[in-house]
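For the sequence shown, my numbering begins at 150 and goes up steadily by one. The C-beta atom is built at its ideal place from N, Cα and C for all residues, glycine as well. Predicted model, so just to flag it, every value in this text is computed and none were measured.
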Amino acid sequence: NWLRMLGSLGCLLPENLVKKITEFMLETTMKEDDVWTISEALDSFMDMFSDNDWNQIVFDLNVIAKSKELEKILKTKVS
150 NWLRMLGSLG CLLPENLVKK ITEFMLETTM KEDDVWTISE ALDSFMDMFS
200 DNDWNQIVFD LNVIAKSKEL EKILKTKVS
């Protein structure tokens, strides 16, 4: 639930705070074992980045590569 709440905040806050939230969520989710939590985090990322164009955050935090890695982790755990 806390990742969902952070994702909701990320949709409302300015870019400097969204960057901190995104960084925290990425680092936390990469260490997560629970499939449900990983899926909630990925859903939160989609919500945060669908409404806003945070190109610099995506570049600075390497969000695309980390999201692909999270996708692989999720697929492995679901299989």
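Review point. Where does SER229 land, buried or exposed, given buried means 16+ other C-beta within 10 angstroms?
Key: Residue 229 cannot be examined here, being either before or after the span of the chain that is shown, 150 to 228.
Practice item. Confirm, please, whether the CB-CB distance from MET174 to LEU155 is below 8 Å. Key: Taking the sequence shown and counting its residues from 1, one reaches residue 155 at position 6. Taking the sequence shown and counting its residues from 1, one reaches residue 174 at position 25. In contact: LEU155 and MET174 (Cβ atoms closer than 8 Å).
Review point. Expressed to the nearest angstrom, what Euclidean distance is found between the alpha-carbon atoms of TRP203 and ASP183?
Key: Within the sequence shown, residue 203 is the residue found at index 54, counting from 1. Within the sequence shown, residue 183 is the residue found at index 34, counting from 1. Distance between the alpha carbons of TRP203 and ASP183: 27 Å.
**Study point:** 8 Å contact criterion, which ALA190 and LEU152 should meet: CB distance rounded
**Key:** One-based indexing of the sequence shown puts residue 190 at position 41. One-based indexing of the sequence shown puts residue 152 at position 3. So it is a contact: roughly 5 Å between Cβ atoms.
Point to revise | Between the CA atoms of MET195 and LYS168 - distance to the nearest angstrom | key: Start at 1 with the first residue of the sequence shown, and residue 168 comes out as number 19. Start at 1 with the first residue of the sequence shown, and residue 195 comes out as number 46. Rounded to the nearest angstrom, the two C-alpha atoms are 14 Å apart.
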